[in-house]
Amino acid sequence: MSAYMWAVPVARPLFRFLFRMKFYGFENIPKEGGLLLCCNHRTYFDPVALAIGCNKRVIHYMAKEELFHGLFGKLIKAIGAFPVNRQHAGADTMNTAYQLLKDGEILGMFPEGTRSKDGKLLKFKAGAVMIAAKENVPILPAAVCFGEKLRPFCKVSVRFGKPIMPADLGMVNGTGTEMRAATRQLMEKVDELLEMGV
C-alpha cells in the first residue's frame, strides 16, 4: 500500500483546491475493523474523493476488469483495487473481498454497479449487503455530491453516514426477501446523504 499512502497525501491538497471540496461525517468512520463502504457513483473521481475523506485508512475497491489494462490498470492495482467481472463475480474475487474484511480493512463498493449519467441514484444490486452479512461487518453509507457536471472549481461535498450493521437492515436469516429489503434500505440511506447536496 506504499503507493496509496504516497498518492493520497499528494492528491488531497490538489483536489481540495481544484474542486472546493468539503467533508462531512468524519466522526462516523470507524478507526479500525472490517468495514464495507457503499457510495453512489457518478464519475471516476469518486474513489479519489472517498480516499481523501477516509484520511489514513486505505479503501480497497472492486473495479471492473476492463480497467486493468496498460498503465492505468497498473496504477489502480498498486493502490489496492482488484478486478471483478460485473456479470459473473468469480470465487477469487469474492474470496479477496471476504479476506479484506476479515483482515480489518475497508472494502469500497458502488452498489449501483455502474456510473449514473444524470446523478440520480440507480437501483442498488444486492451484492454489498450479501458480503456485509456474511462477514457481519458494518456498512458505511457515503455520497459524493456535486452539481450537474464535475468541473474545475465546482463545489464537491463528500458525506459519510453512520455505520449500520446488517442485522439493523433486517438481515437475520439471509433470505432473498431480507436481502432485497436490506438493499432498499441501504439505497435509501445513501439517497438521504445525496439529498443534503453540496
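Read in order, the letters of the sequence shown are residues 0 to 197 in numbering that gives the first Met the number 0. Quick reminder that beta carbons are idealized off the backbone N, C-alpha and C, glycines included. In this text, all values refer to a predicted model and were calculated from it rather than measured experimentally.
Contact under 7 Å by Cβ, residue i with residue j
i, j, result
"residue 160", "residue 137", "no"
"residue 67", "residue 82", "yes"
"residue 189", "residue 39", "yes"
"residue 9", "residue 50", "no"
"residue 34", "residue 151", "no"
"residue 110", "residue 37", "yes"
Of the listed residues the options, nearest to residue i (C-alpha basis)
i, options, result
"residue 135", "50, 102 and 30", "102"
"residue 32", "15, 19, 100 and 16", "100"
"residue 42", "112, 174 and 172", "112"
"residue 93", "119, 121, 21 and 127", "127"
"residue 133", "151, 36, 70 and 165", "165"
"residue 26", "110, 90 and 162", "162"
"residue 29", "5, 22, 55 and 19", "55"
"residue 167", "12, 173 and 181", "181"
Run of the alpha helix (DSSP H) containing residue i, from where it starts to where it stops
i, result
"residue 101", "90-101"
"residue 107", "Premise fails: residue 107 lies in the beta strand (DSSP E), 105-108, not in any alpha helix (DSSP H)."
"residue 166", "Unbroken run through residue 166: none, as it is neither H nor E."
"residue 46", "45-52"
"residue 128", "126-134"
Chain B contact for residue i (CB, 7 Å cutoff)
i, result
"residue 159", "Protein chain content of the structure displayed is limited to a single chain, and chain B is not contained in it."
8 Å contact criterion, which residue i and residue j should meet: CB distance rounded
i, j, result
"residue 125", "residue 179", "7 Å"
"residue 123", "residue 193", "That belief does not hold up - the Cβ atoms of residue 123 and residue 193 are roughly 13 Å apart, past 8 Å."
"residue 80", "residue 97", "At roughly 17 Å, the Cβ-Cβ gap does not stay under 8 Å, so residue 80 and residue 97 are not in contact."
"residue 197", "residue 148", "With 8 Å as the limit, residue 197 and residue 148 do not qualify as a contact, their Cβ atoms being about 13 Å apart."
"residue 57", "residue 130", "Incorrect: roughly 18 Å between the Cβ atoms, too far for contact."
For residue i, the first and last residue of its enclosing beta strand (DSSP E)
i, result
"residue 198", "Because the chain in this structure spans residues 0 to 197, residue 198 falls outside the shown range and cannot be described."
"residue 83", "81-83"
"residue 158", "155-159"
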